[in-house]
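Novice:
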Amino acid sequence: MVAATLQNDTFLRALQRQPVSYTPVWLMRQAGRYLAEYNQTRSRAGSFLGLAKNPDFATEVTIQPLERFPLDAAILFSDILMIPDAMGLGLEFVAGEGPRFAHPLRTEADVNKLAVPEMDELRYVFDAVSQIRQTLNGRVPLIGFAGSPWTVSCYMVEGQGSSDYRNIKTMLYAQPALLHRILEVTAQATLQYLNEQIRAGAQAVMLFDSWGGVLADGLYQQFSLAYIKQVCDGLLREYNGQKIPVIVFTKGGGLWLEDIVTSGCDAVGLDWTVNLAKARARINDSVALQGNLDPMSLFGTEESVRQEVRRVIDDFGPVGNGGHVFNLGHGISQFTNPEIVSVLVDEVHAYSQKMHK
Ligand code: CP3
2 MVAATLQNDT
12 FLRALQRQPV
22 SYTPVWLMRQ
32 AGRYLAEYNQ
42 TRSRAGSFLG
52 LAKNPDFATE
62 VTIQPLERFP
72 LDAAILFSDI
82 LMIPDAMGLG
92 LEFVAGEGPR
102 FAHPLRTEAD
112 VNKLAVPEMD
122 ELRYVFDAVS
132 QIRQTLNGRV
142 PLIGFAGSPW
152 TVSCYMVEGQ
162 GSSDYRNIKT
172 MLYAQPALLH
182 RILEVTAQAT
192 LQYLNEQIRA
202 GAQAVMLFDS
212 WGGVLADGLY
222 QQFSLAYIKQ
232 VCDGLLREYN
242 GQKIPVIVFT
252 KGGGLWLEDI
262 VTSGCDAVGL
272 DWTVNLAKAR
282 ARINDSVALQ
292 GNLDPMSLFG
302 TEESVRQEVR
312 RVIDDFGPVG
322 NGGHVFNLGH
332 GISQFTNPEI
342 VSVLVDEVHA
352 YSQKMHK
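The sequence shown begins at 2 in my numbering and counts up one residue at a time.
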């Protein structure tokens, strides 16, 4: 297949800190339950996993937000938990309760059995990536993604979401070598998985380190960032003559921004606790920044949403040698009104044009 020419490369240019005429925008979890059409497709698929494991359905829901809003990137519809699912941990989504593993990793025997899965077990993901690329036909770039080894390991050890991370932190403090073994295998799997997404057509990749922020200073660097770096070091950074930018997002990681840059990523995702002007100054524009509107701000009024969008863009300031991709500071809430998302996207595009003159 000959790839169609990219009609809108604003997102890829901003990630590489090249000149753009406006700030590109996409939203974490842009395909999801706040869209009625997503819920319809999910009920046709029968379940979230039925949706994510079927490339036709995955393609359909990936495109849905782009049909509603003039977003500047598409993101593969999948989940960060597909790797441990392929490792045999038995992923289930219990309605209203989120993900759950039938076989969490708790003992040394559990960990000794853990291995990098055959990438063929994840073929449905790579098939979805190529099908989405074909369907996009050059409209906007496609982002591939994975969870960070630490964040994925949180689910593998806890067996589900957690409020205190007691099981994985017990392992971290009491049996650190065991946790390092899980992280090592997961990092190897993540690396192979993302490179396979790139070969299938992903034009940028993002690592979601949603729970890195629960770690103590010093331990974040050892148990999360070191493995993120291992993945970044092995990634295909250029494919078919195109640069493949890498975005690293540690939620709650603002204090570690200087450290995160040492992972070798092209862009850092930031949550709403960070001021973008101060962030740029701290790293001297050495990488692009992605973020960082509070997703809850979308429960304000049309006027307050426009004001908050302008505040984020003003905080970033004149683009100069930097690069800014507008996003939320975490995933969009399922209770968000899609009409307010139109307001957000419109304001980002309209207001940012003056920053790029
Ligand atoms: O951004 C996108 O539109 C792409 C799709 C995407 C999903 N999950 C789809 C999904 C992405 C990038 C993810 C990443 C993901 N998954 C993360 C990291 C990002 C973050 O939000 O911190 C995490 C921690 C997960 C694990 C996960 N998957 C949880 C905790 C849940 C339940 C969430 C909830 O709100 O109930 C999921 C399920 C999931 N993944 C949904 C979607 C659209 C909702 C499932 C449904 O339709 O019922």
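Idealized CB from N, CA, C, for every residue including glycine.
1) With a threshold of 16 other CB atoms inside 10 Å of the CB of G253, please say whether the residue is buried or exposed.
2) Consult DSSP for V359 and reduce its assignment to one of helix, strand or coil.
3) Does the Cβ of T251 lie closer than 7 Å to at least one heavy atom of the ligand MG?
4) Could you pull the DSSP bridge partners for L329 from this structure?
5) Take every Cβ of the segment 15-22, pair it with every Cβ of the segment 318-330, and state whether three or more of those distances are shorter than 8 Å.
6) Beta-carbon separation of L226 and D260 under 8 Å?
7) P246 and Y35: beta carbons closer than 8 Å?
8) Touching or not, the segment 51-65 and the segment 124-143, by the rule of three or more beta carbon pairs under 8 Å?
9) Identify, in the order they occur along the chain, each residue of the same chain with its Cβ nearer than 6 Å to the Cβ of Q204, setting aside the five sequence neighbours on each side.
10) Exposed or buried, which one is N196 when buried takes at least 16 other CB atoms within 10 Å?
11) Assuming L173 and P150 make a contact with CB atoms under 8 Å, what is their CB distance in whole Å?
12) Quick check on A147: does DSSP put it in helix, strand or coil?
13) Could you name the residues of the same chain whose beta carbon sits closer than 8 Å to that of L77, not counting the 5 residues immediately before and after it, in chain order?
14) DSSP beta-bridge partners for P66?
15) Using a Cβ distance threshold of 8 Å, determine whether the segment 313-322 contacts the segment 283-296, with at least three qualifying pairs required.
16) Whole angstroms are fine: how far does the CA of S154 sit from the CA of P105?
17) Tell me whether E98 sits in a helix, a strand or coil according to DSSP, three-state version.
18) Would you identify the three-state DSSP class for D272, choosing helix, strand or coil?
19) State whether the segment 212-227 contacts the segment 82-101, with contact taken as three or more CB pairs (one from each stretch) at a distance under 8 Å.
20) So if DSSP puts D210 in a beta bridge, which residue, or which two residues, is it bridged to?
21) Taking Cβ to Cβ, would you say P56 is nearer than 8 Å to Y156?
22) In the DSSP assignment, the alpha helix (DSSP H) including P339 goes from what residue to what residue?
23) Any heavy atom of the ligand CP3 within a distance shorter than 7 Å of the CB on D80?
24) Determine the direct distance from the alpha carbon of V262 to that of L7, and round the result to whole angstroms.
25) Does the distance from the CB of D272 to the CB of I248 come in under 8 Å?
26) Looking only at DSSP bridge pairs, what is Q243 linked to?
27) Name, in chain order, the residues that DSSP records as bridge partners for V158.
28) Evaluate Q19 with the Cβ neighbour count: other Cβ atoms within 10 Å of its Cβ, from every protein chain shown; 16 or more gives buried, anything less gives exposed.
29) Tell me which residues share the same chain as H357 and place their Cβ nearer than 8 Å to its Cβ, disregarding the 5 neighbours each side in the sequence.
30) By alpha-carbon positions, which one of N138, R200, G148 ends up nearest to A4?
Specialist: In short:
1) Locating residue 253 in the sequence shown gives position 252, counting from the first residue. By the Cβ-count criterion, G253 is buried, with 16 or more other Cβ atoms from all chains shown falling within 10 Å of its own Cβ.
2) An answer regarding residue 359 cannot be provided, because it is not within the stretch 2 to 358 covered by the chain.
3) For the ligand MG, the structure offers nothing, since it holds only the ligand CP3.
4) In the sequence shown, counting from the first residue as 1, residue 329 sits at position 328. BP columns for L329 point to L294.
5) Using a C-beta cut-off of 8 Å, the segment 15-22 makes contact with the segment 318-330, since at least three inter-stretch Cβ pairs fall below that distance.
6) Within the sequence shown, residue 226 is the residue found at index 225, counting from 1. Within the sequence shown, residue 260 is the residue found at index 259, counting from 1. Their beta carbons are under 8 Å apart, which means L226 touches D260 by this criterion.
7) Position 245 of the sequence shown, counted from the start, is the residue given in the question as residue 246. Position 34 of the sequence shown, counted from the start, is the residue given in the question as residue 35. Their beta carbons are not under 8 Å apart, which means P246 does not touch Y35 by this criterion.
8) Contact between the segment 51-65 and the segment 124-143 is present, because at least three Cβ pairs lie under 8 Å.
9) Taking the first residue of the sequence shown as 1, we reach residue 204 at position 203. Excluding residues within five positions, the ones whose Cβ falls inside 6 Å are P142, L143.
10) Translated into positions along the sequence shown, residue 196 becomes position 195. Around the beta-carbon of N196, 16 or more other beta-carbon atoms lie within 10 Å, marking it buried.
11) Along the sequence shown, read from residue 1 onward, the residue named residue 173 stands at position 172. Along the sequence shown, read from residue 1 onward, the residue named residue 150 stands at position 149. With 8 Å as the limit, L173 and P150 do not qualify as a contact, their Cβ atoms being about 13 Å apart.
12) Counted from its first residue, the sequence shown places residue 147 at position 146. In the three-state reduction of the DSSP assignment, A147 falls in the strand class.
13) Reading the sequence shown from its first residue, position 76 is the one you call residue 77. Non-local C-beta neighbours of L77 in its own chain, meaning closer than 8 Å and more than five positions away in sequence, comprise A59, T63, V126, A129, V130, I133, L143, I144, G145, F146, Q198, A203, ordered along the chain.
14) Residue numbering aside, residue 66 sits at position 65 when the sequence shown is read from its first letter. The bridge partners DSSP lists for P66 come to none.
15) In this structure the segment 313-322 touches the segment 283-296; the number of beta carbon pairs closer than 8 Å is three or more.
16) Walking along the sequence shown from the start, residue 105 turns up at place 104. Walking along the sequence shown from the start, residue 154 turns up at place 153. Their backbone Cα atoms lie some 10 Å apart in a straight line.
17) In the sequence shown, counting from the first residue as 1, residue 98 sits at position 97. Per DSSP, reduced to three states, the secondary structure at E98 is coil, with no helix or strand assignment.
18) As a working mapping, residue 272 is identified with position 271 in the sequence shown. DSSP places D272 in the coil class of the three-state scheme, outside both helix and strand.
19) These segments do not touch.
20) Working through the sequence shown from its first residue, we reach residue 210 at position 209. DSSP lists T251 as partners of D210.
21) In the sequence shown, residue 56 corresponds to position 55, counting from 1. In the sequence shown, residue 156 corresponds to position 155, counting from 1. No, these two residues do not count as a Cβ contact at 8 Å.
22) Here residue 339 refers to the residue found at position 338 when the sequence shown is read from its first residue. Start and end: 339-353.
23) Your numbering for residue 80 matches position 79 in the sequence shown. Placement of the Cβ of D80 at a distance of less than 7 Å from at least one heavy atom of the ligand CP3 is found.
24) The residue labelled residue 7 in the question sits at position 6 within the sequence shown. The residue labelled residue 262 in the question sits at position 261 within the sequence shown. The straight-line gap from Cα to Cα measures roughly 28 Å.
25) For the purposes of this step, residue 272 is taken as the residue at position 271 of the sequence shown. For the purposes of this step, residue 248 is taken as the residue at position 247 of the sequence shown. Cβ atoms of D272 and I248: not closer than 8 Å.
26) Reading the sequence shown from its first residue, position 242 is the one you call residue 243. For Q243, DSSP records a beta bridge to Y240.
27) Sequence index remark: in the sequence shown, residue 158 carries index 157 (1-based). Paired residues: none, contrary to the question.
28) Taking the first residue of the sequence shown as 1, we reach residue 19 at position 18. Result: exposed.
29) Numbered from 1 along the sequence shown, position 356 holds the residue referred to as residue 357. Contacts found: P20, V21, S22, Y23, T24, V320.
30) As a first step, residue 4 is located in the sequence shown; it is residue number 3 there, counting from the start. Check the Cα spacing between A4 and each of N138, R200, G148: the tightest is with N138.
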